[in-house]
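Undergrad: Would you mind keeping the following structure in view while I ask a few things?
Protein chains in written order, with my numbering: chain A, 29 to 215; chain B, 132 to 383.
Below, the structure is given as structure tokens:
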């Protein structure tokens, strides 16, 4: 039972860059790790301008669909060299990049979920973070069966959650508002 | 083992975290101008809490430097301003302490200026203050920083706009759903009435949960004032599918 009212969220403001980024933040795995992929993208606002003062955080399963966390009922399973978490501020071009391993599918109520990465976006002008997911373009069959993707009925909106292939991994742009607005989740 | 109605092994049914829409500010808040082009216009899609949402990075001491908890000792000399001890407990809404979770803070200096290239309001920069701190909560969910009280500063949101003094807080909790970035404010600040961020939180009682309280018992004589600020993250919901009946059948 909930007895203690929660603390409200507030924006990170314009000066998050002094406090939040880590030197190794973008590297969920070290450079040179076999099978590592870059997930890069640009964050856009409702006028189509790039957002240069945002921060993108990612959280995901390992390639076997496991989490190194005590609440994974299958047991925490560390994977040395893999943090599962990425954190990258956007740069002067509004771009972020996370070097990681592609996650495996994750079991859950309603069936297996297709490989996915949870994403938080923080920024000036956002009183609370927004949350979205990255899915993978080559996982057509798994994506078609994914209960979270299927909870979005409009195919154009659903498509905003699927990354595009890139030479060194994937591109996943985030549009906070307007044409092609990314699908965001209430968590 | 019994299976759940949809055939999922019960071991994979996970608790959710309680949603709390009444506490948080709306993403669209016209008084805070920067929200205009940065809030989604389509309604958010409900995301069920699955393994990805109930887990999060387990961060440890390797994220911390030796003086990250004491923002007054990160340079050769002490920063200008009034020393404060800032401490509190992180709990979830069920009242359970959140142990060993990373708490990160960043703030302006005593003159209200951030050590940031984009902050160009003409208040002095303090060469002895970075304004960044990190700690892990202890086994009881408690944290403690030593820092200086930040100043208020003007910004251009509206005519004669000033931010009340505040410290930015970032917390991970133990689940992706518990992640929280917020701001801590000081009691008796005269600037709340005109601040759109403070006022973006619709419920006045919820606004008060962003207020630290002056903590005389923790002050250190001839050295530092003290404030206590407790933080409450989202709590857990009951496990949905496993009824007592099913568990008893399993035992037989």
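Just so it is clear, CB atoms sit at the ideal spot from N, CA and C, and this is done for glycine as well.
Just so you know, these numbers come straight off a predicted model, no measurement behind them.
Using CA coordinates, which residue listed in 42/A, 66/A and 195/A is at the minimum distance from residue 114/A?
TA: For residue 114/A, the nearest C-alpha among the options comes from 66/A.
Undergrad: Count the other CB atoms, across all protein chains shown, that sit within 10 Å of the CB of residue 287/B; report buried if there are 16 or more and exposed otherwise.
TA: With fewer than 16 other Cβ atoms within 10 Å, it is exposed.
Undergrad: Between which residues of its own chain and residue 213/A is the CB-CB distance below 6 Å, once the five residues before and five after are set aside?
TA: Excluding positions up to five away in sequence, the list reads 159.
Undergrad: For residue 183/B, report the span of its alpha helix (DSSP H) as first-last.
TA: First-last of the alpha helix (DSSP H) with residue 183/B: 182 to 185.
Undergrad: Could you check what DSSP says for residue 323/B in three-state terms: helix, strand or coil?
TA: In the structure shown, residue 323/B sits in a helix (DSSP, three-state: H, G or I).
Undergrad: Which residues does DSSP pair with residue 149/B in a beta bridge?
TA: Note: residue 149/B sits in no beta bridge, so no partner.
Undergrad: So, does the CB of residue 266/B fall closer than 8 Å to a CB anywhere in chain A?
TA: No, because no Cβ of chain A sits closer than 8 Å to the Cβ of residue 266/B.
Undergrad: Would the region 99 to 114 of chain A count as touching the region 149 to 160 of chain B if we require 3 or more Cβ pairs under 8 Å?
TA: Taking 8 Å as the limit for Cβ pairs, the verdict is that the region 149 to 160 of chain B does not touch the region 99 to 114 of chain A.
Undergrad: Which same chain residues, not among the five before or five after residue 343/B, have their C-beta less than 8 Å away from its C-beta?
TA: Hits under 8 Å: 217, 219, 315, 316, 317, 318, 358, 359 and 360.
Undergrad: Output, in chain order, the set of chain B residues within a Cβ distance shorter than 7 Å of residue 39/A.
TA: Under the 7 Å cutoff, chain B gives 328.
Undergrad: With DSSP run on the structure shown, which of helix, strand or coil describes residue 332/B?
TA: Looking at residue 332/B - three-state DSSP - the assignment turns out to be coil, as it is neither helix nor strand.
Undergrad: Determine, using beta carbons only, whether residue 70/A comes closer than 8 Å to chain B.
TA: Taking Cβ atoms only, chain B never reaches closer than 8 Å to residue 70/A, which makes this a no.
Undergrad: Would a C-beta distance cut-off of 8 Å place residue 157/A and residue 189/A closer than the cut-off?
TA: Taking 8 Å as the Cβ cut-off, residue 157/A and residue 189/A do not qualify as a contacting pair.
Undergrad: With DSSP collapsed to three states, give me the class of residue 45/A.
TA: Of the three classes helix, strand and coil, the one that applies to residue 45/A here is helix, per DSSP.
Undergrad: Any idea what DSSP makes of residue 208/A, helix, strand or coil?
TA: Three-state DSSP puts residue 208/A in coil, outside helix and strand.
Undergrad: Counting only the same chain and skipping the five closest in sequence on each side, list residues whose C-beta sits under 6 Å from that of residue 196/A.
TA: Taken in chain order, the residues that qualify are 66.
Undergrad: Which residue's Cα is closest to the Cα of residue 188/B: 99/A, 172/A and 175/A?
TA: Closest option to residue 188/B, Cα to Cα, is 99/A.
Undergrad: Under 7 Å Cβ to Cβ from residue 127/A, same chain only, skipping five residues before and after it: list those, please.
TA: Closer than 7 Å at Cβ, skipping near neighbours: 54, 55, 56, 57, 59, 64 and 66.
Undergrad: Check the C-beta distance from residue 282/B over to residue 242/B and give it rounded, since I have them as a contact under 8 Å.
TA: At roughly 5 Å, the Cβ-Cβ gap stays under 8 Å, so residue 282/B and residue 242/B are in contact.
Undergrad: If you compare alpha carbons, which of 215/B, 173/B and 166/B is closest to residue 345/B?
TA: Nearest of 215/B, 173/B and 166/B to residue 345/B, Cα basis: 215/B.
Undergrad: For residue 209/A, tell me which candidate among 152/B, 149/B and 168/B has the shortest Cα-Cα distance.
TA: The residue with the shortest Cα to Cα distance from residue 209/A is 168/B.
Undergrad: Please report the distance separating the alpha-carbon of residue 228/B from that of residue 149/B.
TA: When rounded, the distance between both Cα atoms is 16 Å.
Undergrad: How long is the line joining the alpha carbons of residue 184/B and residue 173/B, rounded to whole angstroms?
TA: Cα-Cα distance, rounded: 22 Å.
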